[in-house]
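Position one of the sequence shown corresponds to residue 4 (the numbering used here), numbered consecutively onward.
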Amino acid sequence: MCIVIDANQGGNIGRADQPHVKVLLKWIDDGGRVATGGKLEEELNKVGRMNGLLSEWQRAGRLYRVSKQKIEARVAKLGAVCKSNDKHVIALTIEAKAKIVFTADAELISDLKNREILDFKCRIFKGNDRSPGRVEHLKALLANSDCP
Numbered sequence: 004m005c006i007v008i009d010a011n012q013g014g015n016i017g018r019a020d021q022p023h024v025k026v027l028l029k030w031i032d033d034g035g036r037v038a039t040g041g042k043l044e045e046e047l048n049k050v051g052r053m054n055g056l057l058s059e060w061q062r063a064g065r066l067y068r069v070s071k072q073k074i075e076a077r078v079a080k081l082g083a084v085c086k087s088n089d090k091h092v093i094a095l096t097i098e099a100k101a102k103i104v105f106t107a108d109a110e111l112i113s114d115l116k117n118r119e120i121l122d123f124k125c126r127i128f129k130g131n132d133r134s135p136g137r138v139e140h141l142k143a144l145l146a147n148s149d150c151p
């Protein structure tokens, strides 16, 4: 099970009082994995308590790292088709075969839904709707997420 956490949501991970964050952290504790690598990992290490969490998840075997070289090679293949400035996040998603991305970036979301860019269905969790129904939706998304 694998999720990509965009840097724009990394700060929310430190807010364990949020219902959706509790669900995500429990899922990771129960065996879920976070895909990271390259530029995104560098960005996440600068956000709130993400640096400590990434280290903790690495020790616990909950981190799936994709090499910087693989991500950069995939970024080069993406060319100019992307609208967002997050080719590195898209490249990581493709290389990790992550089916869920936690982001609130509208242009990145548009790119992730573009079948010319991603040839598999990627679910988006925005984290900005904290209603009970959305929390249950996140649980269902996480239950069906795969990671190598």
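Idealized CB from N, CA, C, for every residue including glycine.
Exclusion of the five residues before and after V138 leaves P22, H23 and V26 as the residues of its chain whose Cβ lies within less than 8 Å of its Cβ. For E119, same chain residues with a beta-carbon under 7 Å away, outside a window of 5 residues either side, are V84 in chain order. In this model, Q12 and L56 are separated by some 14 Å (Cα to Cα). Unbroken alpha helix (DSSP H) stretches of 4 residues or longer found wholly inside the segment 73 to 108: 90 to 99, given in chain order. Three or more Cβ pairs closer than 8 Å define a contact, and the segment 87 to 101 meets that threshold against the segment 34 to 44.
A residue is called buried once 16 or more other Cβ atoms fall within 10 Å of its Cβ, and E59, having fewer, is exposed. D114 places its beta carbon 8 Å or farther from that of D9. Put simply, the backbone Cα of K142 is about 21 Å away from that of K116. A buried status is given to R77, since no fewer than 16 other beta-carbon atoms sit within 10 Å of its beta-carbon.
Per DSSP, the beta bridge partners of L66 are V37.
Distances from the alpha-carbon of H91 to those of E75, I16, N54 and R65 put E75 closest. Nearest Cα to S87 within the set E110, R18 and K102: E110.
The Cβ atoms of A101 and I6 sit closer than 8 Å to each other.
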